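To keep things clear, I will list the structure first and then write my remarks on it.
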Amino acid sequence: MVAGWHTALTFAQQAHAEWLGGVAWTLALLWFTGWIMLFGYLVGHARLAGWAWVLLLACLWTAVAWVRSLGALGFPWAMLSLGIARQPLLLQPAELGGVWLTEWLIIAWNGALVLAWQGRARLALAGLAVLGTVWVGYGLIQMRHYQAPPSKPLSIAVFQPRADTPLTVHALAIFDQQMDTWLRHATRQGAQWAVLPETVEPLVLDETENGNAVERLQRWQEWAKRNQITILLGASRFDGSNRNSALCISPRGEIHCYNKVKPMVFTEWSPPPPFNALLRGLGITGRTLKAGSRVHALQVESQPPVGTIICGESLFGWVARAQVQDGAQWLAVMSNDYWLIGRPIREQYADFCVLRAIETRRWIARSSTVGLSGLYMPAGKCIASLPMGKPNVLVHQIEPRTDRTLYVRWGDWWAYLCVLMFVILALAGRRSPTPK
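Sequential numbering from 1187 applies to the sequence shown in my numbering.
Structure representation (structure tokens):
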């Protein structure tokens, strides 16, 4: 639930008046509350008992969580799995059915505890023993397997520049000097890649006639050639439409681009007319970024392909999954977390990388403007990170991987199964006598 507050804060910061920000904040909370009320209503009308009721409860929660993550307004905040992100042992089943499987397991476990509280201790304890043994046992096996040190290492430098103020012409020179120093430092540490945050390039790269894109891109190409390092950076681009992009620049000066496919609702995407005019007073931006046409990995010369995930895209498992399906052997999450107010929100935002690493079994390099920046193993463990709010560079070795998990191959199959099982159980309950 902590991460869900970011929407309210964004509204309040963009609104034309403080009270309008409060109204938008209330609407955001009501939107989330509506899903919880739907879940509660359907559970309240369930006519099942025992483990049949537990199965219905877990399937319904998973189905509702999945549905509310869909579409332009989809927001997968407040996932129960984030609450145990610091114990990745319990999240290992996500490689099978994604976050939807771990959501189901958490609700099933707590549903069994409810059975015990209702006086059905023998039935509940038997189920808990089986569920716990399988769950924890699977986690122990997979944690041990995926925590092995890299055998074919790739050295990655993660940058945390703390770009927290608007840059003037004078500040641009300071930025370039800092970047030049940090890139030379990363090269001395043996880094082959430099991963920088979302929109780290201070200027909007205007690619129209008489724009500034050529000059700024030449600067980045010079840095890549001079240091013989591949640079992956975030930039705002204008090519007739506003875009949020990741640019990959090779030591030879080649440039590859990925455009953000899933814009952040209300901050990068707003409803079409006439609804946008009605909502603009609540702080919802009227400027909509043009989304990329498809999710795709970036292939640079003969190096392992990288899947770039820009900021809010890390909330959606299907984006990371599509990157791996397109051949990505490691993932880079590029984020601008300065607008997220408070350490708990920033930490929980970064915790989505734990889930994405396990779901895809890929190393993840996360670069944020202010933190949290670090490296995540395929087991989901954050193996190295930078102190939040402290500008610095972290160099660490990862291992590109080519295997594919069941979740990568089959996608949200567990969520589909939960929808089907809920319908079957609900119909079965209607034909059964009301449990006492």
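We put the CB at the ideal spot given by N, CA and C, even for glycine. Remember, predicted model here, so these are calculated numbers, not experimental data.
Check, Outcome
"Quick one: residues in its chain with C-beta nearer than 8 Å to the C-beta of K1411, no 5 flanking neighbours on either side, listed in chain order?", "P1437, R1438 and G1439"
"Pairs of beta-carbons, one from the region 1235–1244 and one from the region 1294–1303, closer than 8 Å: are there three or more?", "yes"
"Pull up the distance between the alpha-carbon of L1311 and that of T1591, whole angstroms please.", "32 Å"
"If you reduce the DSSP assignment to three classes, tell me which class I1270 lands in.", "helix"
"I'd like to confirm the pairing. Which residues does DSSP put opposite M1520 in its beta bridges?", "I1496 and S1553"
"G1615 and L1234: beta carbons closer than 8 Å?", "yes"
"Secondary structure at G1420, three-state DSSP: helix, strand or coil?", "strand"
"Who does D1392 pair with in a DSSP beta bridge?", "F1424"
"Please state whether DSSP places V1386 in a helix, a strand or coil.", "coil"
"Taking 8 Å as the threshold, find out whether the region 1210–1219 comes into contact with the region 1268–1275 through three or more Cβ pairs.", "no"
"If distances are taken between C-alpha atoms only, which option among P1339, L1389, G1376 and F1502 comes closest to R1254?", "F1502"
"If we ignore side chains and look at the alpha-carbon of each, how far apart do P1347 and P1573 end up?", "12 Å"
"Let's see if you can read the secondary structure: which residues bound the alpha helix (DSSP H) around A1249?", "G1236 to V1253"
"Here's the rule I'm using: 16 or more other beta-carbon atoms within 10 Å means buried, otherwise exposed. How should K1576 be labelled?", "exposed"
"In or out: I1222 buried (at least 16 other Cβ within 10 Å) or exposed?", "exposed"
"First and last residue of the beta strand (DSSP E) that includes F1538?", "Careful: F1538 lies outside any beta strand (DSSP E), inside the alpha helix (DSSP H) at R1529 to T1546."
"At the level of alpha carbons, what is the spacing between R1423 and N1396?", "14 Å"
"Tell me C1604's beta-bridge partners as DSSP assigns them.", "For C1604, which the question treats as bridged, DSSP gives no partner whatsoever."
"Does the beta-carbon distance from T1555 to N1522 come in below 8 Å?", "yes"
"Mapping DSSP to helix, strand and coil, what is W1525?", "coil"
"May I ask you to list the residues that DSSP assigns as paired with F1345?", "V1579"
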